[in-house]
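A short write-up of the structure that comes next.
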Amino acid sequence: MRFEDSPLSKTLSYKKIILDFATKYLFDDFFIMEVNEGVHFNSEKLNSVLDEIRNHYGDQKKLAYISNRVNSYSIDPVLWAYFDKDDRMLIAASIVSYTDATFMSANIEKQLSAISMKRSRSLEEAIAWVKRLSELN
Numbered sequence: 007m008r009f010e011d012s013p014l015s016k017t018l019s020y021k022k023i024i025l026d027f028a029t030k031y032l033f034d035d036f037f038i039m040e041v042n043e044g045v046h047f048n049s050e051k052l053n054s055v056l057d058e059i060r061n062h063y064g065d066q067k068k069l070a071y072i073s074n075r076v077n078s079y080s081i082d083p084v085l086w087a088y089f090d091k092d093d094r095m096l097i098a099a100s101i102v103s104y105t106d107a108t109f110m111s112a113n114i115e116k117q118l119s120a121i122s123m124k125r126s127r128s129l130e131e132a133i134a135w136v137k138r139l140s141e142l143n
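Quick note: the sequence shown uses the working numbering, first residue 7, plus one each step.
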């Protein structure tokens, strides 16, 4: 379910940013991103996202990321290694999967990442997990 179609969108305060390849929803300690259908998410797009995130939060903010996989798209799974080596902004991530195929892809991505990562079946589950993270409290 798209974030804006969920009941959560009516109870949480956020800022919406539309990019040409995705929509982001920015909260105090986390952000949700919904990549557009058919996009290949690569390092160029990642850098664009990070630039926008830094513009909003600054360079020192610790954040969690929720990937709400409502569309079919491809991702370079080695991008998760970027956060392990070069960037300390992202401290945890949750991938919300609505199909078995995206859940299996999330399993592979989890193996390639050293940051804390949860695979979720709903936005509610992902947001609840993020809000319990000790690194953000």
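Even glycine gets a Cβ: it sits at the ideal position worked out from N, Cα and C.
Reduced DSSP secondary structure (H/G/I, E/B, other) of residue i
| i | result |
| --- | --- |
| residue 27 | coil |
| residue 74 | strand |
| residue 125 | strand |
| residue 33 | coil |
| residue 116 | helix |
| residue 85 | helix |
| residue 91 | Any reading at residue 91 must be qualified, since the residue scores a pLDDT of 48, below 50, and its modelled position is unreliable; no value is offered. |
| residue 45 | coil |
| residue 110 | helix |
| residue 68 | coil |
| residue 135 | helix |
CA nearest to the CA of residue i, picked from the options
| i | options | result |
| --- | --- | --- |
| residue 137 | 18, 8, 60 and 11 | 18 |
| residue 46 | 33, 66, 28 and 97 | 28 |
| residue 118 | 109, 85 and 98 | 85 |
| residue 34 | 50, 63 and 80 | 63 |
| residue 76 | 97, 108, 60 and 69 | 108 |
| residue 140 | 50, 44, 120 and 98 | 98 |
Contact set for residue i: own chain, Cβ-Cβ below 7 angstroms, skip 5 residues either direction
| i | result |
| --- | --- |
| residue 116 | 123 and 125 |
| residue 9 | 15, 31, 38, 40, 74 and 129 |
| residue 36 | 69, 70, 71, 72 and 136 |
Inter-residue spacing [alpha-carbon to alpha-carbon] between residue i and residue j
| i | j | result |
| --- | --- | --- |
| residue 65 | residue 78 | 31 angstroms |
| residue 103 | residue 113 | 11 angstroms |
| residue 26 | residue 143 | 33 angstroms |
| residue 56 | residue 42 | 17 angstroms |
| residue 13 | residue 23 | 19 angstroms |
Cut-off 6 angstroms between Cβ atoms - residues of its own chain near residue i, not counting five sequence neighbours on either side
| i | result |
| --- | --- |
| residue 82 | 48 |
| residue 132 | 72, 100, 102 and 126 |
Contact with chain D by residue i, beta-carbon distance below 9 angstroms
| i | result |
| --- | --- |
| residue 112 | Here chain D cannot be found, since the structure has a single protein chain. |
Own chain, CB closer than 8 angstroms to residue i, minus 5 neighbours either side, in chain order
| i | result |
| --- | --- |
| residue 52 | 85 and 88 |
| residue 60 | 95 |
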